[in-house]
Amino acid sequence: MTQIKHRQPVVVIRLYGAQFVLRQTGFGSQLENNLNRYLGFNLSVSIFNRFSTRNRVRLAQLQQTQYSLQMDNVKKTLYKEIQQAWYSALAAESKYKSSSAAVAANEETFHLTGEKFENGKATSIEYNEAKFNLMRAQSDRIQAKYEYIFRTKVLDFYKGIPIQ
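When we follow my numbering, the leftmost residue of the sequence shown carries the number 3, and every step to the right adds one.
Given below as structure tokens:
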């Protein structure tokens, strides 16, 4: 918040002295006799300062309100980011679980297709397709696993837990 200075009355006292003599003296003597003699009084009271103090107070209040609103906006933005990270982590967990189930199903399919191929009831194309589907499911599971790990680390970051 801006500091506001209040103007205080100022009192200044000055002394000056003068000497009047009718006899004639030299110019240097006159300067020497009349130098440094003065008496004066000056009082300066600030009555009206064109509303500058009032305007500075209002400006400071407006700045405080503006900073408060900015803080609220930052908090809302952070809350939305944390909420989005939470939902992303939930989606990544669900994707990892479903890809693990897909791997289990494709392993079973590959095993059964392998038995059919050995017995002559399946072609090599069907066997290779089952093998390809299994490898793709395993690849998807690995990708989903690391996506889930990444999303949980983002949540840990927002919680203040150091990333290791």
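Positions of the beta carbon are idealized from the N, C-alpha and C atoms, including for glycine. Keep in mind the model is a prediction, meaning the values are calculated, not measured.
Under 8 Å between C-beta atoms of residue i and residue j
{"i": "ALA124", "j": "LYS118", "result": "yes"}
{"i": "ARG153", "j": "ALA91", "result": "yes"}
Through-space distance from residue j to residue i, alpha-carbon basis
{"i": "GLU149", "j": "ARG143", "result": "10 Å"}
{"i": "GLN86", "j": "MET73", "result": "20 Å"}
{"i": "SER70", "j": "LYS77", "result": "11 Å"}
{"i": "ASN108", "j": "LYS99", "result": "14 Å"}
{"i": "SER102", "j": "GLN145", "result": "11 Å"}
{"i": "ILE151", "j": "GLN68", "result": "39 Å"}
{"i": "GLN166", "j": "GLU83", "result": "22 Å"}
{"i": "PHE50", "j": "GLN63", "result": "22 Å"}
First and last residue of the uninterrupted alpha helix (DSSP H) at residue i
{"i": "ASN130", "result": "126–161"}
{"i": "LYS77", "result": "54–121"}
The ligand GDP heavy atom lying under 7 Å from the CB of residue i
{"i": "GLN145", "result": "Among the ligands in the structure shown, none appear at all, so the ligand GDP cannot be discussed."}
Member of the options whose CA lies at the smallest distance from the CA of residue i
{"i": "GLU131", "options": "GLU83, ALA146, THR111", "result": "THR111"}
{"i": "VAL105", "options": "PRO164, SER96, LEU136", "result": "LEU136"}
{"i": "GLU95", "options": "GLY28, LEU157, VAL59, THR67", "result": "LEU157"}
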